[in-house]
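Here is the structure we will look at.
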Amino acid sequence: MPVGSEASAWIAGAPAPFDAAVAEAARLLGLSAAPVFAHLGADVAGLREAVLLAEQVGGVLDHADSPGLLTNLDSVRESGAMLTTPLEAARADLVLLIGDGVFDAWPDLTPRLIDRLADGARVVWLTGSAGGRFESIAIGTGVARLAALGRLRAEAKLRPLASTPPALRSLAQSLRAAKFGVAVWSGADLEPLAVEAIHGLVRDLNETTRFSTLPLASPDACAAETVCGWMTGFPPRTGFARGRPEHDPWRYDSRRMIAAGEADCVVRVDAFASDAHIAIGLGEAPANVRFEVGRPGVDHDAIFYDARVGTFVARPAASPAGRSVAQTLAAIRARLGGPPC
Amino acid sequence: MSALITNGVAIDDTFAEAFDMRGTALVITADSAKWALQAATTMTGFATSVIACGCEAGIDRELGSLETPDGRPGVRVLLFAVSTTELQKQLQNRVGQCVLTSPGSACYAGLDVGEDRLKLGAAIRYFADGWQIAKKIGERRFWRLPVMDGEFVCESSVAMTKRAVGGGNLLIMGATPQTTLAATEAAVEAMRAVPDAIMPFPGGIVRSGSKVGSKYKGAVASTNHFYCPTLRGAVASEIGPEIGSVLEIVIDGLTSEAVAAAMRAGLKAIIDLGPARGALRVGAGNYGGKLGKHHYRLRELTP
Amino acid sequence: MLTRIAGGRILDPAQSRDEVGDLWLQGDRVIAAPDHGRADETFDAGGCVVMAGAIDIHSHIAGANVNTARLLLPQQHRAHASRPAATPLANAGWSTFETGRLYAQMGFTTVVEPAISPHHALHAHLELADTPVIDKAILAILGNDDFGLGLMRDGAGPDAIRDHVAWTLQSSKALGLKVINAGGVAAFKDNVRSFGFDDVVPRYGVSSRQIVKTLQRAVHDLGVPHPLHVHCNNLGLPGNFQTALDTIAAAEGLPLHLAHLQFYGYGAEGKLGFSSAAPKLAEAVNAAKSVTIDVGQAMFGQTVTISSDVLRQFSARAQARPSKYVIIDGDANGGGVMPYNYRDGSFANAVQFVVGLELFLLIDDPYRVYFTTDHPNGAPFTAYPDLFALLMSRDVRAQWLSRLPAEALAVTTLASLTREYSWGEIATMTRAAPARLLGLKDRGHLGPGARADVAIYRPGADLAQTFRAAVRVWKDGECVVRDGALTHYRFGRALRVSPQPDAAMTRRVAEYYDARYGLDAELLSVPEAALPREPFETVACPR
Amino acid sequence: MSALTFTLRCPPPQRVDLCALTPAQLAGKSLAEIAALPIQTNRAPLCVGDLFALKDGERGTIVFEGGAERLDRLGAGLDTGAIRVIGAVGVEAGRGMSGGALTIEGDAGPYAGSGLRGGVLRIEGDAGERLGGPRAGETEGMNGGLIHVAGHAGDRAGDRLRRGFILIEGAAGDCAGSRMIAGTLAIGGKAGALPGYLMNRGTILLAGGCDEMAPTFGDCGVHGLTAARLLASYVETHSPNLAAAFRQPLRRYAGDLAALGKGEIFSTTT
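Chains as they are written, first to last, in my numbering: chain G, -6 to 334; chain S, 1369 to 1671; chain U, 7 to 549; chain X, 41 to 310.
Written out as structure tokens, the structure is:
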């Protein structure tokens, strides 16, 4: 697929024919003892090929946003959770925002959720320190936040606590009085135990009323979680070195592996970057082989995770151009002898 | 009935007939020996005979602080009943009413091995109204019940043996009530030193020995008129003119060996005391050997 | 490619055929024996039973809730074997690939995922597209959605309801319609904690009965072959057989399918207040000729329950083992995922196990009782072989019953049931009947023109092993399983119906999405072109 | 007969999985068979013999001479016998042990004693984070047995502890005993912030105080509790120091009141 005169692939920084770059990528991955997919920013088809390629080369699948993703997932899979969807959350009569990063995680939070709430619905923001928009209570971060969330949960259970700040005590009463409340936070922003405390709070509230949660993570991390989930049974931080998927959030942390010298070939797939690309080589910013790829839903038809609805949507490309992540990774896998799938 | 005479005391050629029972043991501790003993005494009260008390219970021995799980003074008590269900019921009622209530007490299993287990803390934990806490320490599990002076700690369960024996006995016969009582007291004191056995009647002694059955419908036992000195001339009495008083010691043990050992110790004390200040004759109660599977022949137990 | 399957016992109840003979496949079809009789490939099926590929009408194998279950239980589905080179990820602990492999190896070639919320249809189809070998389909869920309940509240006529159903089926690319605890899930959003067939949904003023009957009529009027697939109210509760009886009675002669009836076969008799009401239900089903059911058999072992009956899953949360659960307040139905361990020493679990078997054995017509475990809710589909053995052998049943608590047997009748399913009845229940129920004219039989989906079993003393490992399986004429092992992938298609909604309804839905969500309704529909390969096959709606 | 000995030849070129090297799994295997066992965790083949020099000995007693941070899952699944490591180990040392004794004469990485069900794990150096804790996705941590750390422990020691004892002579990180289900965690040195965060049941002993108590623990006053005496007796053989602390008058904090609230923290700093 020629893309004008501009190169779409590079080897060691020099423009190269696509096939040569595929061959070089296959060679690097084939020689690698411990290839690591450090980032998986792709549409569903691209993710699918990444999983297949990782299996083919016995590699490790991770995502740059795994920390936030796993902060949210760990609490769910270790303690359970009440969850809701972005569309359903707009039905809430009380929205509890937690953490300063909540708007960074979902830039459309205001138009997509806050602005769509019914008249009279209340929004309370538990911020770190700054007074935020809406009604806000600064509860600090880290240990202070854990302590405050614990307090809130205990107050909502009507446990007798000394010296709870009146704002927090009053909030606990409001939570109990809500008809359908929704807690919203970003996994990247909160301590894992803070997420656990919130889920516990929500579980308790559901003994008498209805309350749910909307944990936020980056949309492409959510997509990676879901696709890896159905293909391997596990979310990212899953490795295939022994021929079967093994999930291990500590050992298969790509940043740790790279820092510890455990990864000898790094693959970064980033179709959502402004310079959509796949990079393969050594280190945090690999550069031995680089492919320019099309942008999902812009340069090619794509299915990707849409934060507005909390699930996959399809978007046809306006004017198809460039190779997709899927096509590129599939070419590498084919070069390595992987069976069609 | 030919008599073996030892140190002037006639030992009847007969045997005590005893029955299988369910038995268990507890260790009760407190901050002081006084209060451990108080709890033990209270929980073994009104436990003389299974006929009317549900169980037979008594203090086995007092324990030093090095012998108890929590390093405090303690008392070991034994409980016996005819069925597991009844023993369970008696155990939880008595611990619940008499040990749980006693200041500073704690209650542990006094028997680790048995054919079955009885609920102890597991049965009375609900008193704590949801505030009870289970604690597993090694292989043992305890319940902690908040109470007004602190916490009542109670082991979750205790072993129960089905090899316990109830109804070992001695009939001590003397010339006068005074000498008979002296011999019996001496016997009880010696028997108390024997582990795994108790004498459940008042001070270890029962003066109203009974026989099976009654002329009255519904009564299962009645006075043992064959040994009542005041009826000697009116019935086919078992006692001769030299006997003016008879007392009985009933023994329950966690094992048959413990019952035998207790009887042996009692006999020795009686014989050692001799006839002048003590008993003239020692017999035992039985039902012809048809009812109980344990037979303790006095001759074999005589030192 | 002309294939001859020679000398097997050809068991094809749909064609009333049960004889030793040859079966010929050409391309992706079964053909009549050709005159020249020279095959490119011949398989000697002597001593074997030759059947059409089996069809599972109710198995939760894909979609958002299933994937949540995967992610919820990482310890429960570790892969223990490395993959064979030709089948990537087929041995992953719980993958779509493994699902396709395991189904194929048992001789199943078509599976219906029965509970997909329309907003998650694309996700479900993506997973199904990654499920190799088998053909598959989804049933779309309505009955707790604001738009549909709003139509009923506002007294919209049958045409509007029918058009909404058509729009939903079209948009989600579904084969049929499912209703799950009709109205109950919506009521739970208003904190209602129990909901029966004649209870009324707050805000909407319609009862569960009205919702079921309205949707039943719409599905029927659209000519969708598969009748409304109903998950009744009060699932799992003692005494709930009455709910099922009421629902059966409400069919009133129109087709209606009741899912996993086992979970509604409970009386409240006995000292523990829980008993089998299977005989009563079976009697009602036998009498109601327009009603079909699947069983949802429970089998012992660790599993996970996955249901869009959010109210039920929430109410049962304390029973989760291990102790964790996910409850999703979805755009309409949402879902609940809860691990659960059926134990043979448990009185209640034993009763559940027995109730399912009683339903199988007491419902007379194998064309109206379908074989399911409500995978994975009653048991994983990998338990099917054991269940076949239980149905076909009293001796096997007696062995299992000997492990169960006596109190459980005391409140059931299973020990007195002597029926043993024949091979023919198994073939009917798993092939001929489901094809008829779903309107799949070229599946479930071996007549000329049938799709060349064929499964061959070698009957042995161990019936479960017989069904666990088919000797050969052909999918669309391609041999994919040899001696119980998948050899390679091919990918099937998703079956769908394609009723055309009135343009006015499409507009009305679009306006609703715009007003309520600020979104284009098309955003949440499944575009055919977006999916890989050749994704769909349309099943005709004869009306 | 002396112990079967694995002497580390060189720093491990990759993380290795040593869970196969337990007495039960090596029983009946020849030295050559043991040397051929694969231990690699990436695609570069690596066998026991590549990394270790083997000296034959009794299979029930295993010694590793030399340690490394990349030796993972050492002693995992141990059920009988004894393993001694002279050196450091990586993640998940003794994970899922159900019996026997694993002694690490060095530091252990994260998740040491994860899911321990029985036996004794002794770490003479420091332990990493989540000592005894569950792996991601599991609902229960350690479920029996005993872990004794002579040095310090990282964050969230005893996470989701359900049964058994964790004894830490030194300091502990933040949120020690987080989400405890039951069991006993005793810390000799200073604990970090919020010990017992979200604990449901169980006992935490702080013999050296902590950085910050969670506000959701209620002060129940100073007591001499019989239960603490029982704990002292049990702990005595492993740690006279912690046993002595259990015998002191202890301030009891009930919590975490944000969770079930049936746990407790005992503090010697009355």
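Heads up, the beta-carbon is just placed ideally off N, CA and C, and yes, glycines get one too.
{"Asked": "Any C-beta of chain G under 8 Å from that of residue 527 (chain U)", "Found": "no"}
{"Asked": "Members of the stretch 115 to 143 of chain G that neighbour chain X once the beta carbon cut-off is set at 7 Å", "Found": "136, 139, 140 and 143"}
{"Asked": "Three-state secondary structure (DSSP) of residue 220 (chain X)", "Found": "coil"}
{"Asked": "Own chain partners of residue 462 (chain U) with C-beta closer than 8 Å, once the 5 adjacent residues on each side are dropped", "Found": "11, 14, 49, 51, 54, 55, 56, 57, 113, 476, 477, 478 and 479"}
{"Asked": "Residue 218 (chain X) versus X:195, X:208, X:226 and X:210, residue with shortest Cα-Cα distance", "Found": "X:195"}
{"Asked": "Interface positions of the stretch 216 to 228 of chain X facing chain G (Cβ-Cβ less than 8 Å), listed along the chain", "Found": "218 and 219"}
{"Asked": "Contact check, residue 47 (chain G) vs residue 35 (chain G), beta carbons under 8 Å", "Found": "no"}
{"Asked": "Per-residue contacts from residue 183 (chain X) into chain G (C-beta, under 9 Å)", "Found": "By Cβ distance, chain G contributes nothing, its closest Cβ being about 15 Å from residue 183 (chain X), past 9 Å."}
{"Asked": "Cβ-based burial, residue 197 (chain U) [other Cβ within 10 Å; buried from 16]", "Found": "exposed"}
{"Asked": "Inter-residue spacing [alpha-carbon to alpha-carbon] between residue 283 (chain G) and residue 291 (chain G)", "Found": "20 Å"}
{"Asked": "Of the listed residues G:3, G:127 and G:295, nearest to residue 312 (chain G) (C-alpha basis)", "Found": "G:295"}
{"Asked": "Residue-level contact to chain X via CB, residue 80 (chain U), 8 Å cutoff", "Found": "yes"}
{"Asked": "Residue-chain proximity (residue 243 (chain G), chain U), Cβ-Cβ < 8 Å", "Found": "no"}
{"Asked": "Every unbroken beta strand (DSSP E) inside the stretch 234 to 289 of chain X [3 residues or more]", "Found": "241 to 246, 250 to 252 and 258 to 263"}
{"Asked": "Rounded C-alpha distance that separates residue 363 (chain U) from residue 419 (chain U)", "Found": "10 Å"}
{"Asked": "Partners in chain S for residue 263 (chain X), counting only beta-carbon separations shorter than 9 Å", "Found": "1518 and 1519"}
{"Asked": "Proximal residues of chain U, C-beta to C-beta of residue 179 (chain X) below 8 Å", "Found": "328, 329 and 330"}
{"Asked": "Continuous beta strand (DSSP E) stretch holding residue 1665 (chain S): start and end", "Found": "1662 to 1665"}
{"Asked": "DSSP-derived helix/strand/coil call for residue 155 (chain X)", "Found": "coil"}
{"Asked": "Contact with chain U by residue 240 (chain G), beta-carbon distance below 8 Å", "Found": "yes"}
{"Asked": "Buried versus exposed, by CB contacts within 10 Å (16 or more), residue 261 (chain X)", "Found": "exposed"}
{"Asked": "Runs of beta strand (DSSP E) wholly within the stretch 329 to 368 of chain U (minimum 3 residues, chain order)", "Found": "332 to 335 and 341 to 348"}
{"Asked": "Within chain U, partners of residue 176 (chain X) - CB distance below 8 Å", "Found": "80"}
{"Asked": "Chain-ordered residues of the stretch 235 to 249 of chain X with a beta carbon less than 9 Å from chain G", "Found": "237 and 238"}
{"Asked": "Ranges of the alpha helix (DSSP H) found wholly within the stretch 403 to 485 of chain U, counting only runs of at least 4", "Found": "412 to 416, 429 to 433, 439 to 444 and 469 to 474"}
{"Asked": "Per-residue contacts from residue 297 (chain X) into chain G (C-beta, under 7 Å)", "Found": "147, 152 and 154"}
{"Asked": "Beta-carbon spacing of residue 335 (chain G), residue 256 (chain G) below 8 Å", "Found": "Because chain G is modelled from -6 through 334, residue 335 (chain G) falls outside the range shown and cannot be assessed."}
{"Asked": "Paired residues, beta bridge with residue 1573 (chain S) - DSSP", "Found": "Paired residues: none, contrary to the question."}
{"Asked": "Expected contact under 8 Å - CB spacing of residue 267 (chain X) and residue 283 (chain X) to nearest Å", "Found": "Actually they do not touch by this definition, with Cβ atoms about 14 Å apart."}
{"Asked": "For residue 409 (chain U) and residue 1480 (chain S), the rounded distance between their alpha carbons", "Found": "32 Å"}
{"Asked": "Delimiting residues of the alpha helix (DSSP H) encompassing residue 1631 (chain S)", "Found": "1624 to 1645"}
{"Asked": "Residues near residue 38 (chain U) in its chain [Cβ-Cβ closer than 6 Å; skip 5 each side]", "Found": "454"}
{"Asked": "Rounded straight-line distance, which links the Cα of residue 187 (chain X) to that of residue 149 (chain X)", "Found": "14 Å"}
{"Asked": "Burial state of residue 405 (chain U), where buried means 16 or more other Cβ atoms lie within 10 Å", "Found": "exposed"}
{"Asked": "Against chain U: residues of the stretch 91 to 108 of chain G by CB proximity under 7 Å", "Found": "none"}
{"Asked": "Supposed close pair residue 205 (chain G), residue 335 (chain U) - CB separation, criterion 8 Å", "Found": "5 Å"}
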